[in-house]
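In this text, residue positions in the sequence shown follow numbering that gives the first Met the number 0: the first is 0, and each later residue adds one.
By construction, the Cβ of each residue, glycine as well, lies at the ideal position given by its N, Cα and C atoms.
This report refers to the structure that appears directly beneath it.
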Amino acid sequence: MTFRILTLNSISVRGLERLPRDRYEVASEIGHPDAVLLRSADLHEMELPASVKAIARAGAGTNNIPIDKFSKLGVPVFNSPGANANAVKELVVAGLFLGARNICQAWAYVRTLQGSDEELDVAVEKGKKKFVGYELPGRTLGVVGLGAIGVEVANTAHALGMRVLGFDPQITVQRAWQLSSGVEQAVSLDDLFARSDMVTVHVPLITATRGLVNAARLKLLKSPGVILNFSRAGIVDENALLESLNAGKLGAYICDFPTTQLKDHPQVVALPHLGASTGEAEENCAIMAADTLRDFLENGNIRNCVNFPEAVLARTAGATRLSIANENVPNMVGQISTALAGAKLNIADLLNKSRGDLAYTLIDIDSVVPTSVIDQVRGIAGVLAIRSL
Ligand SMILES: NC(=O)c1ccc[n+]([C@@H]2O[C@H](COP(=O)([O-])OP(=O)(O)OC[C@H]3O[C@@H](n4cnc5c(N)ncnc54)[C@H](O)[C@@H]3O)[C@@H](O)[C@H]2O)c1
């Protein structure tokens, strides 16, 4: 079986290499595509052919994809969570040093100096007193949000000798396994702020996290504290932050989100949204999207999906696999099993997972499954899509 992939943006070659040419036709114009691979192309107004069985985005966000529309068609939408985590982590770690050693402010000072080398020497020796910093070992970093990026930041800061406190009430089992055992748990956000010299936020911008760094929490932070924000601007209450900086309570704000108020402030280092801007991050996203898509097309397995549940089943040797996207309603597996039993087909293995209104079923069957049976299952009310692999 060969698969046809429609690309709607240029996708890193390293990613496309994961789709072997003997099994995949990949092009920006292609008839009857099995799947769409994209980055930022807007699918909201685009009609895709009915042959499309999956959408894969080389990137984390999926605002450009009408998820509900594809859910109703039984089409999984994949993304690449965490593929840029190392890129963001490296910039955050750079931010720890920028904040602890006043590096940008010191560099800006040197650029203002005028005169001969001898005069510079005098100015340097006199001026450096203003930029005395501190070393990281022994200092405490609070990490809010222990997802893909937060865990990497916490582990690296701990390896640098920092005491690290983490807070994430919804940490996943996978992330908990990745987290260094030296990272301590804060009992609340206030507890984290009260015990930290530096705080870095790695949470999505949602109602619960908007303004999470606020006046009350900035008061709790040790002085002169450092806030790092490489997540989203709105997580920090900008006015409260400026008040704290101007009152001398907060020492520095290192972020990826310049605003008119922030960009020229002497204690702010605002970078132009550079967190994920590395060639490697782009490649990692493309590789993850291509690998995920391939496993779905060839084996029906679902990972890194934003609408259907994770569903991964090792293949039974010699078996035919049915992959079925269905509504999460009672007796779906019963009806499917009855249809298979009626055709004297034996189930070797079965996995059924649900997520909200949707469910997904993988069934390995000991023999070939006739088209008539597949059509019968397709006709069950609530079955959204079925494939035989
Ligand atoms: N600067 C950049 O270029 C850049 C690049 C990538 C991601 N980001 C931002 O970084 C954020 C984190 O990315 P990620 O890949 O680590 O996401 P992720 O989904 O892997 O992790 C987010 C974590 O935040 C936790 N969380 C949610 N609400 C919380 C709360 N109220 N308190 C504590 N924890 C909470 C979740 O449980 C989850 O573990 C993204 O949402 C995005 O906004 C920025």
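Nearest neighbour of residue i, chosen from the options [CA to CA]
i, options, result
"residue 60", "224, 50, 79", "79"
"residue 259", "286, 71, 273, 238", "238"
"residue 231", "388, 242, 256", "256"
"residue 190", "333, 181, 0, 219", "219"
"residue 320", "337, 332, 298, 307", "298"
"residue 202", "170, 315, 194, 332", "170"
"residue 381", "30, 354, 331", "331"
"residue 264", "47, 103, 44", "103"
"residue 177", "224, 193, 139, 81", "81"
Run of the beta strand (DSSP E) containing residue i, from where it starts to where it stops
i, result
"residue 6", "2-6"
"residue 363", "357-364"
"residue 341", "No beta strand (DSSP E) holds residue 341; the alpha helix (DSSP H) holding it covers 331-341."
"residue 254", "249-254"
"residue 353", "346-354"
"residue 162", "162-166"
"residue 141", "139-143"
Test item: CB-CB of residue i and residue j under 8 Å
i, j, result
"residue 8", "residue 283", "no"
"residue 156", "residue 163", "yes"
"residue 364", "residue 344", "yes"
"residue 33", "residue 63", "no"
"residue 326", "residue 383", "yes"
"residue 226", "residue 211", "no"
"residue 159", "residue 153", "no"
"residue 77", "residue 291", "yes"
"residue 389", "residue 87", "This structure gives no information on residue 389, because the portion of the chain shown stretches from 0 to 388."
"residue 147", "residue 166", "no"
"residue 126", "residue 99", "no"
"residue 315", "residue 294", "no"
"residue 285", "residue 27", "no"
"residue 66", "residue 36", "no"
"residue 17", "residue 280", "no"
Exposure of residue i, with buried meaning 16 or more beta-carbon neighbours within 10 Å
i, result
"residue 205", "exposed"
"residue 215", "exposed"
"residue 113", "exposed"
"residue 109", "exposed"
"residue 75", "buried"
"residue 228", "buried"
"residue 300", "buried"
"residue 197", "buried"
"residue 45", "exposed"
Strand pairing of residue i, partner residues [DSSP]
i, result
"residue 23", "2"
"residue 324", "359, 384"
"residue 103", "Answer by DSSP bridge pairing: none, since residue 103 is not bridged."
"residue 267", "252"
Unbroken alpha helix (DSSP H) run spanning residue i, endpoints
i, result
"residue 197", "Run containing residue 197: none in the alpha helix (DSSP H); it sits in the beta strand (DSSP E), 197-200."
"residue 193", "188-194"
"residue 91", "84-100"
"residue 226", "Where residue 226 is concerned, there is no enclosing alpha helix (DSSP H), although the beta strand (DSSP E) it sits in stretches over 224-228."
"residue 215", "214-219"
"residue 261", "Premise fails: residue 261 is in no alpha helix (DSSP H) and is neither H nor E."
"residue 278", "278-298"
"residue 367", "No alpha helix (DSSP H) contains residue 367, which DSSP labels as neither H nor E."
"residue 66", "66-71"
Any C-beta of chain B under 8 Å from that of residue i
i, result
"residue 94", "Chain labels in this structure do not include chain B; a single protein chain is all it has."
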